[in-house]
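Worksheet for the structure shown next.
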DNA sequence: TTTATCTACTACATCGTTTTCGTGGATTTT
DNA sequence: AAAATCCACGAAAACGATGTAGTAGATAAA
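Protein chains in written order, with the working numbering: chain A, 1 to 341; chain B, 1001 to 1341.
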């Protein structure tokens, strides 16, 4: 069922039917009613490709994320999809699986007009961003894992401050030697979190120790190996600041293996959005990011960008607050239970 | 940059260029090389809408899921996306948020040829399936939450058997009064899991008790209320079989609140794919579904269906095995640690 | 020599919408 | 009454790619 068949049924021209369906003022309201009724009756649906081709718009956006089996990206996607659904947009999803080559080929794919805009979070292995700089005309927003030097809207949490808070929290609970674990050397979030960590050390007059900064860029077993080595050292750390959930899980596993008690022997804090952290043994102190809101915000800004490309205030970065939720994995002997800061 | 501009640059006709790019035998290899080179040089990309319109194919599939902030659907999506990426397909994602009305409107949206096929998992609130029966011509596969009476390929795990195993496991560990909690009265997975539960009771000569079958179809707080009431009864259950992770979490929370010990006072088993279940306090016995494989399988079958609609063997249902992983939440006094069954 | 077959290309219709530019008739303005 | 404006609609040209149906020119078969 297309416009021309519908027009024939109605004894009208194609253009009149088209206009009637889009509620044009050129068509009398009587005719509009007839057309609408017939269209409903025959279940007419606009052909999206013809329409997209003609209008040079797709009402579709792309979401490019490293992975989705993850308690952070899940709610982010949910937030984005809600906004998109409400705005009548469609969402194409692409996973980079943390692989820069995949990221590059996905971005190439998106340069042919298939989408009106892109929301993305960088892969951990992305070391240069030439592929993104070529997207000059394409509305683009970054969320969470951003490329700082690319001049597009960015939605992040305050990673520096979160890193500072987390480290400071460990120190306040008695830690003297704190290890920092991160999944990438390239990601801005990692750098910022680390700078927050370093700043907290400095403020508390603790000397930086490079051997306590552990890159965990391998698979789960490799990361466990790094952590095992770390915790088997003679002067092992008494606090661990993991920047992603899976590293905290690995830490718990290694502590069990080495019969180290959390928090007595090692305290652990971690960025995480999992629902189960409060039920872990011991419950895990986390920095929790407003994931759903981040998704909503990113989508909202992208749509503004699509609809009104040159609005300069859009380029301001949006920084959302994370929460430190203290639980048992960082509890010191003297302190009682703590709550949300 | 489109075909006609490219043709002008090359002093060739549009059709020759088009054919050259698609490696047609009508074009000499010398010409093909020229065209390819020029296309690369000028960064020519096929306009997907023109192409889709002409070919009446979109190389795009839709994924319709209840939610994504979830340890099951995350890996499923990952599996699907991998297969799609490899096959050169695009994936549109739509969330129903467990809402039948949203599901209906999403399906309506997809009837205009935007996608070549649909993979879906029903919303928990979907009570009738008229909207899906209208999809007669559209390649469709169900995964996990299927509509049994619709004659399309279905990829599931063996829910009856899983329900049986879970219940039998509880009984073998000493439970006499086992509650069954499910998120929907409609979903086939719930019915099958419940039938497995009932069959295990029968086999072990335990009488069915309807007050132990608890529908948990509300939000988190409502579900917690139901569980609280359940566990406050004089003759409370000594075993709980939760069919989704969030119900197990709610159970843990209520047990803590009521000072009930797991597994001494109540044993808990649950369907879950979370990475953290082994670290919970106590570690949670789970039935774990092969989520990633399910996604891969569903996508693979959908592509076969798209490419070769009338292959009858495709209609056979695919049933994957789940694993029961025994942990501390179901441990009986006499038994030692148990392992994968 | 005539006819058939290839080869390597081109012209053009088509996919289904959207939108610009008309147009004939009615209504209003001068 | 002539001119201007409006109203409600239609014709046709895009949008860009694809594929059918040709067509010259060259080679092969009859």
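Think of the CB as a built atom: it goes at the ideal place given N, C-alpha and C, for glycine as much as any other residue.
(message) Measuring CB atoms only, is the stretch 121-136 of chain A touching the stretch 94-108 of chain A, in the sense that at least three cross pairs come out at less than 8 angstroms?
(response) Under the three-pair Cβ rule at 8 angstroms, the stretch 121-136 of chain A counts as touching the stretch 94-108 of chain A.
(request) Have a look at A/131, A/90 and A/84 and flag the residue whose alpha-carbon is nearest the alpha-carbon of residue 106 of chain A. (result) Considering only alpha carbons, the answer is A/131.
(request) Would you mind telling me which residues of chain A sit closer than 7 angstroms to residue 1111 of chain B, beta carbon to beta carbon, in chain order? (result) Within 7 angstroms Cβ-Cβ: 45.
(request) Counting only runs of 3+ residues fully inside the stretch 1195-1264 of chain B, write out the beta strand (DSSP E) ranges in chain order. (result) Complete beta strand (DSSP E) runs here, min 3: 1213-1215 and 1239-1242.
(message) I want to see whether chain A comes within less than 8 angstroms of residue 1074 of chain B, judged by CB atoms only; does it?
(response) Interface residue, yes.
(message) Check whether chain A comes within 8 angstroms of residue 1048 of chain B, counting only Cβ atoms and requiring the distance to be less than that.
(response) Yes - at least one Cβ of chain A is within 8 angstroms of the one on residue 1048 of chain B.
(request) State yes or no: is the C-beta of residue 1058 of chain B within less than 8 angstroms of the C-beta of residue 1022 of chain B? (result) Taking 8 angstroms as the cut-off, the beta carbon of residue 1058 of chain B is found no closer than this to the beta carbon of residue 1022 of chain B.
(request) Count the other C-beta atoms from every protein chain shown that fall within 10 angstroms of the C-beta of residue 1118 of chain B, then say buried if there are 16 or more, exposed otherwise. (result) Counting other Cβ atoms within 10 Å of its Cβ, residue 1118 of chain B reaches 16 or more and is therefore classed as buried.
(message) Residues in the same chain with beta-carbon distance under 7 angstroms from residue 1073 of chain B, minus the five sequence neighbours each way, listed in chain order, please.
(response) Within the same chain, and ignoring the five residues on either side of residue 1073 of chain B in sequence, the residues whose Cβ sits closer than 7 angstroms to its Cβ are 1065 and 1067.
(request) Measure the C-alpha to C-alpha separation of residue 103 of chain A and residue 223 of chain A and round it to an integer number of angstroms. (result) Approximately 23 angstroms, taken between the alpha carbons.
(request) Have a look at residue 151 of chain A and residue 37 of chain A and give me their C-alpha separation to the nearest angstrom. (result) Spanning the two alpha carbons is a distance of roughly 48 angstroms.
(request) Verify whether the separation of the beta carbon atoms of residue 262 of chain A and residue 329 of chain A is less than 8 angstroms. (result) Their beta carbons are under 8 angstroms apart, which means residue 262 of chain A touches residue 329 of chain A by this criterion.
(message) Along the chain, where does the beta strand (DSSP E) containing residue 37 of chain A start, and where does it finish?
(response) Unbroken run through residue 37 of chain A is the alpha helix (DSSP H), 29-41; no beta strand (DSSP E).
(message) Measuring straight from C-alpha to C-alpha, what distance separates residue 49 of chain A and residue 1004 of chain B?
(response) Residue 49 of chain A and residue 1004 of chain B: Cα-Cα distance of roughly 20 angstroms.
(request) Step through the CB atoms of chain A and report whether any lies within less than 8 angstroms of the CB of residue 1200 of chain B. (result) At a cut-off of 8 angstroms between C-beta atoms, residue 1200 of chain B does not count as an interface residue with respect to chain A.
(request) Locate the beta strand (DSSP E) running through residue 1094 of chain B, then write down its first and last residues. (result) Membership of residue 1094 of chain B in the beta strand (DSSP E) is indicated by the continuous run 1090-1095.
(message) What does the Cβ neighbour count give for residue 28 of chain A, buried or exposed, with the cut at 16 atoms within 10 Å?
(response) A residue is called buried when at least 16 other Cβ atoms come within 10 angstroms of its Cβ; residue 28 of chain A does not meet this threshold and is exposed.
(request) State the Cα-Cα distance for the pair residue 1279 of chain B and residue 280 of chain A, rounded to the nearest angstrom. (result) Between residue 1279 of chain B and residue 280 of chain A, the C-alpha separation is close to 5 angstroms.
(request) Compare the C-beta of residue 8 of chain A against all C-beta atoms of chain B and say whether one is closer than 8 angstroms. (result) Taking 8 angstroms as the threshold, the shortest C-beta distance from residue 8 of chain A to chain B does not fall below it.
(message) Quick check: what's the CA-CA separation for residue 56 of chain A versus residue 1047 of chain B?
(response) Between the alpha carbons of residue 56 of chain A and residue 1047 of chain B lies a gap of roughly 10 angstroms.
(message) Residues of chain A with CB closer than 7 angstroms to the CB of residue 1114 of chain B, please, in chain order.
(response) Neighbours of residue 1114 of chain B in chain A, taken as residues whose beta carbon is under 7 angstroms from its own, are 48 in chain order.
(message) Run through chain B and tell me which residues come within less than 7 angstroms of residue 61 of chain A, C-beta to C-beta.
(response) Near residue 61 of chain A there are no residues of chain B at all, since even the closest Cβ is about 11 angstroms away, more than 7 angstroms.
(message) I need the straight-line Cα distance from residue 336 of chain A to residue 1233 of chain B, nearest angstrom please.
(response) Because the pLDDT at residue 336 of chain A is just 46, under 50, the model does not fix this residue reliably, and the point stays unresolved.
(request) Please name the residue, chosen from A/257, A/241, A/238 and A/275, that lies closest to residue 1250 of chain B on a Cα-to-Cα basis. (result) Among A/257, A/241, A/238 and A/275, the Cα nearest to that of residue 1250 of chain B is on A/275.
(request) Leaving out five residues on either side along the sequence, give the residues of the same chain with a beta carbon under 6 angstroms from the beta carbon of residue 1246 of chain B. (result) Closer than 6 angstroms at Cβ, skipping near neighbours: no residue.
(message) Taking 8 angstroms as the threshold (C-beta atoms), are residue 266 of chain A and residue 260 of chain A in contact?
(response) Against a cut-off of 8 angstroms, the Cβ pair of residue 266 of chain A and residue 260 of chain A comes out as a contact.
(request) Could you have a look at residue 117 of chain A and say whether DSSP puts it in helix, strand or coil? (result) Residue state, collapsed to three classes: strand.
(message) Taking the beta carbon of residue 71 of chain A as the centre, do at least 16 other beta carbons fall within 10 Å, making it buried, or is it exposed?
(response) Residue 71 of chain A should be labelled buried.
(request) Return the bridge partner residues of residue 1181 of chain B from the DSSP annotation. (result) For residue 1181 of chain B, which the question treats as bridged, DSSP gives the partners B/1214 and B/1242.
(request) Measure from the C-beta of residue 275 of chain A to each C-beta in chain B and report whether the shortest distance is under 8 angstroms. (result) Output row for residue 275 of chain A: interface = yes.
(request) Return the Cβ separation of residue 1299 of chain B and residue 1080 of chain B in integer angstroms, given the expectation that the two are a contact with Cβ distance under 8 angstroms. (result) With a Cβ gap of about 4 angstroms, residue 1299 of chain B and residue 1080 of chain B count as contacting.
(message) List, in chain order, every chain A residue whose beta-carbon is nearer than 7 angstroms to that of residue 1083 of chain B.
(response) Going along chain A, no residue has its Cβ under 7 angstroms from residue 1083 of chain B, so there is no contact; the nearest lies around 12 angstroms.
(message) I want to know whether the stretch 1133-1153 of chain B touches the stretch 1302-1313 of chain B - three or more CB-CB distances under 8 angstroms.
(response) Touching, yes, given that three or more Cβ pairs across the two stretches are closer than 8 angstroms.
(message) Please tell me whether residue 93 of chain A has its Cβ less than 8 angstroms away from any Cβ of chain B.
(response) It does: the Cβ of residue 93 of chain A has a partner Cβ on chain B nearer than 8 angstroms.
(message) Assuming residue 126 of chain A and residue 100 of chain A are in contact, meaning their beta carbons sit under 8 angstroms apart, how far apart are those beta carbons, in whole angstroms?
(response) About 5 angstroms; that satisfies the 8 angstroms criterion.
(request) Examine chain B for any beta-carbon lying closer than 8 angstroms to the beta-carbon of residue 294 of chain A, and answer yes or no. (result) Answer no: the Cβ-Cβ gap between residue 294 of chain A and chain B never drops below 8 angstroms.
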